[in-house]
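Residue numbers (our numbering): 1347 to 1970. Note that the Cβ used here is the ideal one computed from N, Cα and C, for glycine as well. One structure is given below, encoded as structure tokens.
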């Protein structure tokens, strides 16, 4: 019988399902677990958080490892003129448990204290989780800054953050006296863990046996690179020589490619949709020594995201009850619209929502590119339309912030449109519950998966999407969603955008509006078809998310790895590309500190003292 691999005080609160008995450490930079726990930015966090809940529901032998961001990502607020502003505020999370677990890691050759906080699985219904912090009195200001802001704009600080996640997470397991059988890296942020294991074992093959990797970024240019000597200065490689590092990852120059190194140090990797798997294999096909790349389509946790009353009406196929509940959910959303913007929206009016991370390739402003068509849409009286935007840009992505502000200014002219701030789990739920149409229009092949439409569909919102990411596996155009026809590949970006925009308005005028207002029974058929087809479109991922029994038929063939056993033993796969940085970058201000001695004994009683919750006590061993 499979048992929890964690020490007794941290062990799983459920009997491990033998299908998921292999011990897994899941590394992610961000987790969207609860609206009160603001340590996430966007899709990767939503997916990682969803998996932690699903791992609990499926009784997996898994532990999550992340970073306790003292100031989170940022609070999205408005300036006096109504434009977007960023606010950084120190957060306090009393629900995290402090078991006096402290240890040292080296960053830039100098010792840095790390404290691990524990999230009890019963707090939010997740797998057990640990969150690492350097924002401690024992550290100097630069070391404390490492764990303050998620995706810090300073490139040097980000290296230190990757060291904290990877090496700090691996060192945590040393302190607890355990060794996971599988390390699962979400993007290459936690890659320093692989070099820690390599330094311990001396075997590249041993590292490859233990590591699996999920890539989220469908463009080679979007994968981070850094000078290997700079990374060595930051102690990224845990004392290994440059010769050992170069041999392990097959380097021939001084450019360290995080993703490529992860592909060479793992025994299996995956993209996050069928299309993304194909794109990833094509992207890396000319590089030697990489592991097989399959695809595991992303998913979201149904129990968390789906409104119970909508689910009940759907199961009973009660359209009248479903419409009543949907109208109530729209009213709840519109109260938030009114509070933020002073606008009064109509719950009987078709409501379109565009909501996700603001980034240029996601094209939040696509529909506004033709002012005449946009104005006609919002001013028509026979088939009225309401439009809502929401989403957070990366705080240094000045181009995306400009788009956000331009849309905000534009909506001032149209009472049936609004741009909302504070796009986090709470607002996301309101938008998915209260929308009729979920618009998803990224540039094709740029969106690795894009799962917001899944949780929207669970709540009766029909996707209108370009044929990208997970939609390719789900879509039955006109039956469970509406697909914007792909623009010819030879078109310029401007002509492509114009084609996609024209096709969107054609779909809206010819199909969506007549169905919604004149043929509501047929509209509800599409809604119910989508709710039925969502679990079937991503069977392997959905098996992680829910208790539905599914097959592995959707996995791209990779004979020696794409097996049911692999999927059972090497879970999880909930991933999404992290934020890409566009526009201007802040100039680095993080200065390499000089080596400094370890803190005096008086500053480390939890580490050296005979405390009841010291690492040795937790392991049930006597201290030496």
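Minimum C-alpha distance to residue 1622 - residue among 1571, 1470, 1664 and 1562:
Looking only at 1571, 1470, 1664 and 1562, the smallest Cα-Cα distance to residue 1622 is reached by 1562.
Buried or exposed: residue 1513, going by 16 or more other Cβ atoms within 10 Å of its Cβ?
By the 10 Å Cβ count, residue 1513 comes out buried.
Have a look at residue 1697 and residue 1671 and give me their C-alpha separation to the nearest angstrom.
Roughly 15 Å between the two C-alpha positions.
Is there contact between the region 1397-1413 and the region 1358-1370, where contact requires at least three CB pairs shorter than 8 Å?
By the C-beta criterion, the region 1397-1413 is judged to be in contact with the region 1358-1370, since at least 3 inter-stretch pairs fall below 8 Å.
Check whether the region 1821-1828 and the region 1860-1879 touch, using three or more Cβ-Cβ pairs below 8 Å as the test.
Short answer: they touch.
Which stretch, first to last residue, makes up the alpha helix (DSSP H) that contains residue 1976?
Only positions 1347 to 1970 of the chain appear in this structure, which leaves residue 1976 out of reach.
Quick one: is residue 1599 buried, meaning 16 or more other Cβ sit within 10 Å of its Cβ, or exposed?
Only exposed fits residue 1599, as fewer than 16 other CB atoms lie within 10 angstroms of its CB.
What would DSSP say about residue 1538, mapped onto helix, strand or coil?
In the three-state DSSP reduction, residue 1538 falls in the helix class (H, G or I).
Around the Cβ of residue 1762, are there at least 16 other Cβ atoms within 10 angstroms (buried) or fewer (exposed)?
Burial call: buried.
Beta-carbon proximity list for residue 1572, same chain, < 8 Å, skipping 5 on both sides:
The answer, listed in chain order, is 1501, 1505, 1601, 1602 and 1604.
What are the boundary residues of the alpha helix (DSSP H) that includes residue 1444?
Residue 1444 -> not in any alpha helix (DSSP H); beta strand (DSSP E) instead, spanning 1443-1453.
Are three or more beta carbon pairs between the region 1789-1797 and the region 1704-1717 nearer than 8 Å?
Because the criterion of three Cβ pairs below 8 Å is met, the region 1789-1797 and the region 1704-1717 touch.
For the beta strand (DSSP E) containing residue 1723, list its first residue and its last residue.
Boundaries around residue 1723 are those of the alpha helix (DSSP H), 1717-1725, since no beta strand (DSSP E) includes it.
Can you name, in chain order, every residue of its own chain whose Cβ lies under 7 Å from the Cβ of residue 1425, other than the five neighbours on each side?
Taken in chain order, the residues that qualify are 1431.
Let's see if you can read the secondary structure: which residues bound the beta strand (DSSP E) around residue 1650?
Not the beta strand (DSSP E): residue 1650 falls in the alpha helix (DSSP H), residues 1648-1651.
Member of 1746, 1507, 1720 and 1695 whose CA lies at the smallest distance from the CA of residue 1728:
Minimum Cα distance to residue 1728 is reached at 1695.
Out of 1634, 1638, 1457 and 1637, which one is the CA nearest neighbour of residue 1584?
Comparing Cα positions, the closest option is 1457.
Of the choices 1428, 1858, 1464 and 1765, whose alpha-carbon is the least far from that of residue 1445?
Nearest option by C-alpha distance: 1464.
Report the CB separation of residue 1639 from residue 1626 in whole angstroms; it is logged as a contact under 8 Å.
Right, their Cβ atoms sit about 5 Å apart.
Would you mind giving the Cβ-Cβ distance between residue 1712 and residue 1846, rounded to the nearest angstrom? I have them listed as a contact below 8 Å.
Right, the Cβ-Cβ distance comes to about 6 Å (below 8 Å), so this counts as a contact.
Nearest neighbour of residue 1645, chosen from 1801, 1614, 1776 and 1785 [CA to CA]
Measuring from the Cα of residue 1645, the nearest candidate turns out to be 1801.
In three-state terms, what does DSSP make of residue 1895?
Confidence at residue 1895 is low in this model, with a pLDDT of 27, below 50, so its placement is unreliable and the value that follows should be read with caution. Here residue 1895 sits in coil by DSSP.
Quick one: using the 10 Å Cβ neighbour count with 16 as the cut-off for buried, is residue 1488 buried or exposed?
By the 10 Å Cβ count, residue 1488 comes out buried.
Proximity to residue 1440 [Cα-Cα], best of 1798, 1589 and 1383
Comparing Cα positions, the closest option is 1383.
Indicate whether the contact test is met: 3 or more Cβ pairs, each with one atom in the region 1803-1819 and one in the region 1775-1787, closer than 8 Å.
Note that the region 1803-1819 touches the region 1775-1787; at least 3 beta-carbon pairs, one per stretch, sit closer than 8 Å.
List the whole-angstrom C-beta distance separating residue 1699 from residue 1777, where the pair is believed to meet the contact cut-off of C-beta under 8 Å.
At roughly 5 Å, the Cβ-Cβ gap stays under 8 Å, so residue 1699 and residue 1777 are in contact.
Check whether the Cβ of residue 1415 lies closer than 7 Å to any heavy atom of the ligand NAD, and answer yes or no.
Ligands are entirely absent from the displayed structure, and the ligand NAD is therefore not among its contents.
What whole-angstrom Cβ distance do residue 1556 and residue 1543 have, given they're in contact under 8 Å?
With a Cβ gap of about 6 Å, residue 1556 and residue 1543 count as contacting.
Status (buried if at least 16 other CB within 10 Å, exposed otherwise) for residue 1507:
Within a 10 Å sphere around the beta-carbon of residue 1507 sit 16 or more other beta-carbons, which makes this residue buried.
Below 6 Å CB to CB, which residues in the same chain sit around residue 1923 once its five sequence neighbours on both sides are set aside?
Only weak support is given to the placement of residue 1923: the predicted model assigns it a pLDDT of 28, under 50, and the question is left unresolved by the model.
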